[in-house]
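Data block below; observations after.
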Amino acid sequence: MLRSSVKLAVVALALVACSQGARSGSSSGNASIAGAIDATSLAAMRGQALSISVVGTQRATRTDASGKFSLAGLAPGSADLRFQAQGIDSTLHVSGLVPKQTMQISLRVSGKGVTLVGSNNEVAFVGAIDAVGTSSITVSGLEVDMDDTTRMVARRATVPLSSFKVNQIVAVVGTLQGGKVLARLVDLLLPANFDQIILRGTIDSIAAPGFVVSGLTIATGANTRFRRGLTLADLKVGDRVAVQGALQPDGTVLASTVRDLDQEEVRVVEVEGAITAIEPPDHLTVAGATVVVTADTRIVAEGGGHRGPDLRVVSRGPFSHDDDEQTLTFADLAVGDQVEAEGLAQADGSVLALEIEVERNEVEDDTGN
0 MLRSSVKLAV VALALVACSQ GARSGSSSGN ASIAGAIDAT SLAAMRGQAL SISVVGTQRA
60 TRTDASGKFS LAGLAPGSAD LRFQAQGIDS TLHVSGLVPK QTMQISLRVS GKGVTLVGSN
120 NEVAFVGAID AVGTSSITVS GLEVDMDDTT RMVARRATVP LSSFKVNQIV AVVGTLQGGK
180 VLARLVDLLL PANFDQIILR GTIDSIAAPG FVVSGLTIAT GANTRFRRGL TLADLKVGDR
240 VAVQGALQPD GTVLASTVRD LDQEEVRVVE VEGAITAIEP PDHLTVAGAT VVVTADTRIV
300 AEGGGHRGPD LRVVSRGPFS HDDDEQTLTF ADLAVGDQVE AEGLAQADGS VLALEIEVER
360 NEVEDDTGN
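Read in order, the letters of the sequence shown are residues 0 to 368 in numbering that gives the first Met the number 0.
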């Protein structure tokens, strides 16, 4: 469960998204946007291109076959983007544009219009002010820049930058660029809270035991949890990740949780049938598919009849746990067992198992009972 300070930061993200007023970008500048339509929306559009224009300017473009687009020469600050296609005419306000920086955004397209899935470089955190400058503050070692779009508040009232003092605790919401934050909201908090941070972005480089996300150094340790059975070795430059952790005095982040957002978009599949081969310590073959077992794979035994081989994509909620299930290990599996394995489809065609259910029938005695 997230600590209270993290919850506050998440709430701040939602509030700032609702409170930003619309501002139109000017016709000149040197900020850029690189966007992409999410996989589900792209499939639903069936190859139809989306036209994107900047309201109030002559700048326009179209999505390519992969759903990606880019816009350059934008005025710093904010811009209103208009998206048009057959049955679609939607305007989206984007703020936090920085000179000589490219903002990455992901979009979801539906019958209701176009919405942001979440900025790849969005950040929210709580920390103590180390220093106050003329147009920026330093919070737990991280530089926070402010411009005319930044909201600075204390107890919901707007305050000037001069109101912030060293050692005060603030909540910051903004965009991570080049290891610094361009703030959309800076909220003075009372009482003091922990130096917690939640961020998402693209991995720039990796040097074990840490990595760099949008210019910010992320350190990992023995207590860092990698979701869905990942390890640091599984991460690659260019992967989109979400990180939760604590800001350190030197401006780095000590991660408590790391999620690979690219891997979480991998298809969940289900394979059913008899085990035809077992290769210790972690591979088995089911209905012609290779199933890989990890320390996080849940293996259970249940009663039930035989079902024929099948492989299909599934979409459902968390696993249901029956009271009469028996927990097994990889060593308990045997060739011929009827199993149902659910997991993540891998690039090599294998399935990384999240759960394996072994279907074992009750053995009848000589009386037929």
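The C-beta atom is built at its ideal place from N, Cα and C for all residues, glycine as well. Predicted, not measured: the structure shown is a model, and the values here were computed from it.
- In its chain, beyond the 5 residues on either side, VAL257 have a beta carbon closer than 6 angstroms to the beta carbon of PHE225.
- Around the beta carbon of ASP233, a 10 Å sphere encloses fewer than 16 other beta carbons of the protein chains shown; the residue is thus reported as exposed.
- The Cβ-Cβ distance between ALA182 and VAL143 falls below 7 angstroms.
- Under the DSSP assignment, SER40 falls in the alpha helix (DSSP H) whose first and last residues are 38-44.
- Distance from the CA atom of GLN325 to the CA atom of ASP238, rounded to whole angstroms, is 37 angstroms.
- For SER69, the secondary structure class from DSSP, reduced to helix, strand or coil, is strand.
- Going by DSSP, ALA232 is part of no beta strand (DSSP E) at all; its letter is neither H nor E.
- For VAL267, the enclosing beta strand (DSSP E) starts and ends at 267-278.
- Counting along the chain, the unbroken beta strand (DSSP E) around ALA127 starts and ends at 121-131.
- Comparing alpha-carbon positions, the option among GLN85, LEU91, LEU70 lying closest to ASP79 turns out to be LEU91.
- The region 150-163 makes no contact with the region 69-86: fewer than 3 CB pairs, one atom from each, lie closer than 8 angstroms.
- For ALA153, the three-state secondary structure derived from DSSP is strand.
- With a cutoff of 7 angstroms on beta-carbon distance, VAL185 and MET151 are scored as near each other.
- Shortest Cα-Cα distance from THR137 to any of PHE124, VAL292, VAL270 involves PHE124.
- Inclusion of ALA33 and SER69 in the CB contact set at 7 angstroms is warranted, their separation being smaller than that value.
- Residue burial is scored here from C-beta neighbours: PRO208 has fewer than 16 other C-beta atoms within 10 angstroms and is therefore classed as exposed.
- When only Cα atoms are considered, ALA288 and GLN337 end up about 14 angstroms apart.
- Residue burial annotation: GLY112 is exposed, with fewer than 16 other C-beta atoms found within 10 angstroms of its C-beta.
- Between the region 125-132 and the region 56-70 there are fewer than three inter-stretch CB-CB distances shorter than 8 angstroms, so the stretches are not counted as touching.
- Nearest to ASP261 by alpha-carbon distance, out of GLY72, ALA43, SER105, SER52, is SER105.
- With a threshold of 16 other beta carbon atoms within 10 Å, ASP295 falls short and is exposed.
- With contacts defined by Cβ atoms closer than 7 angstroms, ALA254 and ILE217 form a contacting pair.
- Nearest Cα to GLU354 within the set ILE87, SER135, ARG227: ARG227.
- The closest CA to that of VAL180, considering only VAL334, GLU121, ALA286, THR60, is found on GLU121.
- Contact annotation: LEU246 and SER139 have beta-carbon atoms nearer than 7 angstroms.
- Taking 7 angstroms as the cut-off, the Cβ atoms of VAL236 and ILE202 count as close.
- A residue is called buried when at least 16 other Cβ atoms come within 10 angstroms of its Cβ; THR62 meets this threshold and is buried.
- DSSP places PHE210 inside the beta strand (DSSP E), whose first and last residues are 209-212.
- Per DSSP, the beta bridge partners of GLY34 are PHE68, ILE104.
- Here ARG183 carries a strand assignment [DSSP, helix/strand/coil].
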